[in-house]
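Trainee:
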Amino acid sequence: MQRFLRYALAGFALVAPLVATASLGAQANASGSVTQQFNCKASFDAYAVSDAVRHACGISKHSLERVIALQGGGQGYEYSVDGAPATILVPPKGFNPLTATAAQLDEYGLPSRPTDQSALGPWLKMMSNYHPVTPPNFMVSIPDQRHPRVSATYLANNWSGWVATGNNGNYTIAEGYWNEVSLGSSCTGSNELTWAGLGGWTSSVLAQDGTAMNVSGLSQHQAWWEIVTPSGSNINPIAGIVGAAGYGFVALTKWIGGGYDFYVYSYSSGLGTTVQVGNSNYTGDTADFIIERGLHNNTLSPLSNFYYLNYLDAWVNGNGSGNGVGHYSNQNINMYNFSKGYLLANTSGLSNNTTFTIYYDNCQ
């Protein structure tokens, strides 16, 4: 809480859900006139289109409000997203995460240095290539309506993966490391989102970040973050962080008291960033490592054919050998079409308490 308040405005509001609603908008040329129809339903980078397209597609734009000097010499680029501060944390020039102290890593929302060899290797690989992304002049957010999750023991209508279960406040960190998927032919209008997050399985509050495929307002493999509350939320694309099929990707959601750190890193580009968001909504009753199908026009979208997803590490409350999701009370979840009576995706058992695979079965 103290670290967050050093450079964030007071007061919290809802931020962030999962798959953008879409409609037909209009593409504008440099002068602002409409030149052609733009398909808002398609996957596209909301940072790369004109203001006219963003407006036509219902995408909000949030300008950079100020740049704040941080105690360790870095900078915080602060935006206001739905009334709450969202700050991109940028380390100073010459910052070396390999030699940084635990406090320095924490100040910039970077994953802590593991204390055991099994987790240290991937961390060293990530941090030796880490380059902070250049903060954009604005952030964007996409309106959405959260679909109620229907579950029955190990089945869900829109989730597949593993969750650590428990009571409120049990979990403050969910860190996921996976290989980005490739897509095959699938049903029209399908999508797929891979993420790590806190809450949402047994509560109505969910904080999460990850990557997306075939989602309106996001390019393929683009990173995003969101905070889902009973009041609704927006999905927030992260500028400049894009994965690639077969390459590793890391997403970390961390409750810091009064807000969240969302850290993402793409092994394909070496680019990473941390977005710190002020928000008082938190339950921490689960830590989630999930593939999801999203929502369009109040109806669950078909699931894109991702073949399979290798989830290499699912860390809870830290990244040591004792922090795998298998070390906690946990639940294996398979995505299921309740009306038709068959699986959409199925989740394997755990290897070394932290590694698993999710397999695609059907689109809808």
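When we follow our numbering, the leftmost residue of the sequence shown carries the number 2, and every step to the right adds one.
Even glycine gets a Cβ: it sits at the ideal position worked out from N, Cα and C.
Given the structure is predicted, the values throughout are model-derived calculations rather than measurements.
1) Using alpha carbons as the reference points, say which of N171, Y361, V278 lies closest to N331.
2) Answer with buried or exposed for L194, where buried requires no fewer than 16 other C-beta atoms within 10 angstroms of its C-beta.
3) Could you work out which residue in A213, T102, G323, G271 is closest to D46 when comparing CA atoms only?
4) Please report the straight-line C-alpha distance between G218 and G190, rounded to a whole angstrom.
5) Taking a contact to mean a Cβ-Cβ separation below 8 Å, would you say T173 touches K255 in this structure?
6) I292 bridges to which residues according to DSSP?
7) Thinking C-beta only, is T275 closer than 8 Å to L387?
8) Suppose only complete runs of 4+ residues qualify. What are the alpha helix (DSSP H) ranges in the stretch 75-100, listed by chain order?
9) In or out: Y343 buried (at least 16 other Cβ within 10 Å) or exposed?
10) Count the other CB atoms, across all protein chains shown, that sit within 10 Å of the CB of V206; report buried if there are 16 or more and exposed otherwise.
11) Is D52 helix, strand or coil when you go by DSSP?
12) Rounded C-beta distance between D210 and A157? I'm assuming under 8 Å.
13) Does the stretch 278-292 come into contact with the stretch 309-320, if we say contact requires no fewer than three beta-carbon pairs (one atom in each stretch) closer than 8 Å?
14) Given a cut-off of 8 Å, decide if H63 and S142 are closer than it, judged by their beta-carbon atoms.
15) Look up K42 in the DSSP assignment and say whether it is helix, strand or coil.
16) Using the beta-carbon count (16 or more within 10 Å), is Q277 buried or exposed?
17) Can you tell which of W202, L99, S113, Y178 has its C-alpha closest to the C-alpha of Y283?
18) Do G75 and Y109 come within 8 Å of each other at the CB atom, strictly closer than that value?
19) Measuring only between beta-carbons, confirm whether H222 sits less than 8 Å from chain D.
20) Going by CA-CA distance only, name the one from P238, L125, V265 that's closest to A175.
21) Are the Cβ atoms of I236 and D145 separated by less than 8 Å?
22) Using CA coordinates, which residue listed in F357, G350, N335, N354 is at the minimum distance from Y155?
23) Pair every Cβ in the stretch 355-362 with every Cβ in the stretch 299-313, then say whether three or more of these pairs are closer than 8 Å.
24) For the beta strand (DSSP E) that P123 lies in, which residues bound it at each end?
25) Which first and last residues belong to the alpha helix (DSSP H) in which D107 is found?
26) Counting only the same chain and skipping the five closest in sequence on each side, list residues whose C-beta sits under 7 Å from that of W160.
27) Using 10 angstroms around the beta-carbon of T116, count the other beta-carbons present and answer buried if the total reaches 16, otherwise exposed.
28) CA-CA distance, G249 and M127?
29) Between the Cα of A208 and the Cα atoms of F139, S113, L301, F263, which residue gives the shortest distance?
30) Where G325 and N354 are concerned, what is the direct C-alpha to C-alpha distance, given to the nearest angstrom?
31) On the CB-based measure, 16 or more other CB atoms within 10 Å of its CB, does D83 come out buried or exposed?
32) By DSSP's criteria, K341 is part of a beta bridge. Which residues make up the other side?
33) What are the boundary residues of the beta strand (DSSP E) that includes N311?
34) May I ask you to list the residues that DSSP assigns as paired with A240?
35) Please report how far the alpha carbon of C364 lies from the alpha carbon of S187, in whole angstroms.
36) Could you check how far apart the C-beta atoms of V134 and G244 are, in whole angstroms? I think they sit under 8 Å.
Mentor: Short version:
1) Closest in C-alpha terms to N331, from the list N171, Y361, V278, comes N171.
2) Classification for L194: buried.
3) Here the closest residue by C-alpha is A213.
4) If you take the alpha carbons of G218 and G190, they lie about 14 Å apart.
5) Going by beta carbons, T173 and K255 fall inside the 8 Å limit.
6) Under DSSP, I292 shares a beta bridge with S161, T195.
7) Outside the displayed range of the chain (2 to 365) lies residue 387, so it cannot be described from this structure.
8) List check, alpha helix (DSSP H) in window: nothing returned.
9) Exposed is the call here.
10) V206 comes out buried.
11) In the structure shown, D52 sits in a helix (DSSP, three-state: H, G or I).
12) Not really, about 20 Å apart at Cβ, beyond 8 Å.
13) Taking 8 Å as the limit for Cβ pairs, the verdict is that the stretch 309-320 does touch the stretch 278-292.
14) Here S142 is near H63, since their CB atoms are less than 8 Å apart.
15) K42 carries a coil assignment under DSSP once its states are collapsed to helix, strand and coil.
16) With 16 or more other Cβ atoms within 10 Å, it is buried.
17) Nearest option by C-alpha distance: W202.
18) Note that the C-beta distance between Y109 and G75 is below 8 Å.
19) Although the question refers to chain D, the structure presented lacks it and comprises just one protein chain.
20) Closest by alpha carbon: V265.
21) Taking 8 Å as the cut-off, the beta carbon of I236 is found closer than this to the beta carbon of D145.
22) If we check each option's Cα against that of Y155, N335 comes out closest.
23) Output reads yes: the stretch 299-313 touches the stretch 355-362.
24) Counting along the chain, P123 falls outside any beta strand (DSSP E), though it belongs to the alpha helix (DSSP H) covering 118-129.
25) Counted as a single uninterrupted DSSP element, the alpha helix (DSSP H) harbouring D107 occupies residues 103-108.
26) Result list for W160: R150, I291, E293, I334, M336, in chain order.
27) By the neighbour-count criterion, in which a residue is buried when 16 or more other Cβ atoms sit within 10 angstroms of its Cβ, T116 is exposed.
28) Rounded to whole angstroms, the separation of the alpha carbons of M127 and G249 is 9 Å.
29) Here the closest residue by C-alpha is F263.
30) Rounded to whole angstroms, the gap between the alpha carbons of G325 and N354 is 5 Å.
31) Taking every protein chain shown into account, the CB of D83 has 16 or more other CB atoms within 10 angstroms, so this residue is buried.
32) DSSP lists no beta-bridge partner residue for K341.
33) 309-317 is the extent of the beta strand (DSSP E) around N311.
34) DSSP links A240 through a beta bridge to no other residue.
35) If you take the alpha carbons of C364 and S187, they lie about 7 Å apart.
36) Contact doesn't hold; Cβ gap of about 13 Å is too wide.
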